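Top to bottom, those sequences are chains A and B.
Here our numbering is used: the first residue of the first sequence is 1, the next is one more, and so on.
Here our numbering is used: the first residue of the second sequence is 342, the next is one more, and so on.
We put the CB at the ideal spot given by N, CA and C, even for glycine.
In this text, all values refer to a predicted model and were calculated from it rather than measured experimentally.
Written below as structure tokens is the structure these notes are about.
Protein chains: 2
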Amino acid sequence: MVTIYDIAERANVSAMTVSRVINNTGKISEKTRARVKRVMEEMNYVPNQNARSLVLQETRTLFLLITDITNPFYTTLARGAEDAAIHNGYRLLFGNSDESLDKESEYVQTILSTRVDGVLVAPAGDPSLPHLEKLRQHKVPFVLLDREVPGIECDLVLGDSKEGCRKLVEHLIERGHRKIAMINGSSSVSSARLRLQGFMEALKLNDMPFDLADIHEASFGPRSDLSGIEAWLDGMPELPSAIVAGNNVLALEVLSVLRKRGLAVPDQLSLVCFDDFGPYAEYDPFITVVAQQAYQFGYLGMQLLIERIRKREQAGPWKKIVLPAELVVRRSVADIRGTPT
Amino acid sequence: MVTIYDIAERANVSAMTVSRVINNTGKISEKTRARVKRVMEEMNYVPNQNARSLVLQETRTLFLLITDITNPFYTTLARGAEDAAIHNGYRLLFGNSDESLDKESEYVQTILSTRVDGVLVAPAGDPSLPHLEKLRQHKVPFVLLDREVPGIECDLVLGDSKEGCRKLVEHLIERGHRKIAMINGSSSVSSARLRLQGFMEALKLNDMPFDLADIHEASFGPRSDLSGIEAWLDGMPELPSAIVAGNNVLALEVLSVLRKRGLAVPDQLSLVCFDDFGPYAEYDPFITVVAQQAYQFGYLGMQLLIERIRKREQAGPWKKIVLPAELVVRRSVADIRGTPT
DNA sequence: GTTTAAAATGTTATCGGTAACTCTAACCTA
DNA sequence: TAGGTTAGAGTTACCGATAACATTTTAAAC
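So this is what it looks like as structure tokens:
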């Protein structure tokens, strides 16, 4: 590999002069600058980022850790984060934890040992706490996306899960639905808890009964095994008229099971969910959703992160951004007012 | 930051001894090993990967550069690559070039300057050549995924684009379609060229006429502006009975335009495409596709890459893996045999 | 109780950069 | 013209780790 010393030798200057040319620091005569630059091109010089990071104690690299690289919510979020990072002169690297604490832990190790300047994290859940504490301990600035973790104070970009879910349920109630079930992510994930709360509050506000059997706790991450959903449906004394899915992945899984059973959406069962479907939103059955501003999650989160990095200790109190979730009515909900059950 | 020197001091040994404990090299008495380990835990030591990479001249980190992080083909591929990397004790970092040569160039710069041990690249297209030459020049092992680039010899994992596309067209012909149009990615992308070839060959083999106006060259990457597709459809003297889309993104874009025009699939127009839709495959209109083994692209590509890295110079001739593409018949194609046009 | 080999640990140089300081002319200035 | 600036370099030390070699300690052998 070509180093600044090789360049220095060929250009008849010291290594320091080469370094100055690269970084545009100090005073260099135009003549030597041109000569050094020419030699660098000739020799195809590429600076060694590791050496540089070592002495500078900064990498100009940020990290985005998401939990499901196949979910359009996160990939859109990633695009937002990427744009904001590049815009501010940072490199961005991605990692995918797959909703697994072990993988998350591995990535945290990578993050610490490569000394990136900051991290955007969508945590796997509440048990991510030790991972975040590790980041904090090592003074790596981080911003949490989409999910809060009790026990850690930090900058946050969240969606309005409770309110969003309430909107979904109220939309269903308005259309005459009285038996509504919910399938949700793990209760160790803050957004899942809030969505459940929104669900319950909406029922209570409308004096509707609530049966524990109507709630099914699954996982926000994709699973090949749908038998849990099957068992849940089988276990209910009577089928609900509508199902609320805690996120888009779950909605698809439910859809898949319903299809297998020959249950049409929305004719025989209505289905709504949290999160939109990216480019697939327009597909039949045109699922009615509460859409989040995925791109903004990434973009704003990145801005918070970069501000923290810039101001370091004097960055003031933690910020919390809550992005509204908007109901997008499509065609997955039947209007059953006046219809006998 | 805690360094091995801090550890060394507290444990009353030399830095070298600490290094030996970390790497399990050399001979260390059990007593000191235990003591050093305890101190490392106490002080929350994390090795500095930059320092290590600098002296070892290797990073144990690989890089995956894809062109569209929102496309299920690439995210599934990414999962495969990730699994294979972890399986072999490597870290994997991702980058997203967005089908842009500029971004790709940026990432190549990052790859070179961070001295990763190898790269898996889905190139933006033929003009990626200089980027790949740069990697070659700096002796960074790489494997190309999904797309070939004329002018560069290397390991490859490709899909059988020509044959796959021929299957699509023949499926249409079998069902009575005689006027078939195609929307494709940029002709500077090898897979797009092969898919077009497959399309044309199938027409020729079946003695079907071919009209240049039936072919529309767009982009494999997602676009918000669909006016090109609109103009294309408007420009045709008569609408085709079926459209072949060069990839899944294009199929969705066509679908969106058709929907806007009130044209139902498959009743008024049939639609098929290359690449499947991941979790969205089961959605209406159940698009008939030629599915690729996306996960295998990543997994096998990673294996090729790691083998190259292990054997370095003695790795033998370039390997080329061509993965078959399988026709998955769903419900986006009308059978119009015997129907007057 | 030496000698000697093996085991355990330490010293020094180095990876490729940059910060901080030093040096040397050329140029001002009174 | 002596003294002070300043532009344009160079020197040296260090970032945090490891390789290669050097040294000390331990234990076995005679």
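Taking C-beta atoms as the reference points, alanine 192 of chain A and phenylalanine 220 of chain A count as a pair closer than 8 Å. The C-alpha of glutamate 217 of chain A is placed about 6 Å away from the C-alpha of serine 186 of chain A.
Listed along chain B are Leu593, Phe618, Tyr621 and Tyr624, each with a C-beta nearer than 8 Å to that of tyrosine 280 of chain A. A distance below 7 Å between beta-carbons, with the five flanking residues on each side excluded, links threonine 402 of chain B to the following residues of its chain, in chain order: Tyr431, Arg432, Leu434, Val457 and Asp458. In this structure, valine 46 of chain A lies near histidine 479 of chain B, with their beta-carbon atoms less than 8 Å apart. Residue contact check for glutamine 390 of chain B against chain A: a CB pair falls below 8 Å.
Cβ-Cβ distances below 7 Å link alanine 592 of chain B to Ala586, Leu612, Cys614 and Ile628 in the same chain, with the five nearest sequence neighbours on each side left out; the list follows chain order. Distance from the CA atom of phenylalanine 297 of chain A to the CA atom of leucine 158 of chain A, rounded to whole angstroms, is 7 Å.
Residue-level contact check: glutamine 314 of chain A does not touch chain B, since none of the beta carbons of chain B fall below 8 Å from its beta carbon. Phenylalanine 297 of chain A carries a helical assignment under DSSP once its states are collapsed to helix, strand and coil. Take the alpha-carbon of valine 249 of chain A and the one of glutamine 398 of chain B: they are about 42 Å apart. Residue range 345-352 is occupied by the alpha helix (DSSP H) that includes isoleucine 348 of chain B. Going by DSSP, phenylalanine 142 of chain A is part of the beta strand (DSSP E) stretching over 142-145. Looking from the CA of isoleucine 321 of chain A, the closest CA among A:Ile336, A:Val254, A:Leu304 and A:Val329 belongs to A:Leu304. Contact check for proline 240 of chain A against aspartate 68 of chain A fails: the beta carbons are separated by 8 Å or more. In the structure shown, the three-state DSSP call for glycine 118 of chain A is strand.
The C-alpha of arginine 477 of chain B is placed about 25 Å away from the C-alpha of glutamate 9 of chain A. Across the stretch 52-73 of chain A, CB contacts with chain B closer than 7 Å involve Ser53, Leu54, Ile69, Thr70 and Pro72, in sequence order along the chain. Residues of chain B with a Cβ closer than 8 Å to the Cβ of glutamate 104 of chain A do not exist, since the nearest Cβ in that chain sits about 13 Å away.
When B:Val630, B:Val631, B:Asp616 and B:Gln655 are compared, the shortest CA-CA separation from proline 413 of chain B is found for B:Asp616.
The stretch 538-545 of chain B and the stretch 492-507 of chain B touch, with three or more beta-carbon pairs separated by less than 8 Å. Inter-residue distance for glutamate 515 of chain B and leucine 255 of chain A is about 31 Å (C-alpha atoms, whole angstroms). In this structure, glycine 278 of chain A sits away from threonine 114 of chain A, with a CB-CB distance that is not shorter than 8 Å. Taking CB atoms only, valine 46 of chain A has a neighbour in chain B less than 8 Å away.
Selection A:Asp335, A:Glu42, A:Pro324 and A:Thr17 evaluated against lysine 31 of chain A yields A:Thr17 as nearest (Cα-Cα). A straight line joining the alpha-carbon of isoleucine 650 of chain B with that of valine 380 of chain B spans about 35 Å. Among the residues of the stretch 207-241 of chain A, those with a Cβ less than 9 Å away from any Cβ of chain B are Pro222, in the order of the chain. Residues of the stretch 448-460 of chain B that bring their beta carbon within less than 9 Å of a beta carbon in chain A comprise Tyr448, Gln450, Thr451, Leu453, Ser454, Thr455 and Arg456, in sequence order. Boundaries of the beta strand (DSSP E) around arginine 432 of chain B: 432-437. The C-beta separation of alanine 465 of chain B from glutamate 494 of chain B comes to about 19 Å, leaving the pair out of contact by the 8 Å criterion. Its Cα nearest to that of glycine 569 of chain B, the residue B:Val598 stands out among B:Ala543, B:Ile584, B:Val598 and B:Asp548. The beta carbon of threonine 344 of chain B sits no closer than 8 Å to any beta carbon of chain A.
In this structure, valine 481 of chain B sits near valine 460 of chain B, with a CB-CB distance shorter than 8 Å.
Taking a beta-carbon distance threshold of 8 Å, asparagine 96 of chain A counts as an interface residue toward chain B. Cysteine 614 of chain B: member of the beta strand (DSSP E) spanning 611-615, first to last residue. Where aspartate 496 of chain B is concerned, the enclosing beta strand (DSSP E) starts and stops at 496-500.
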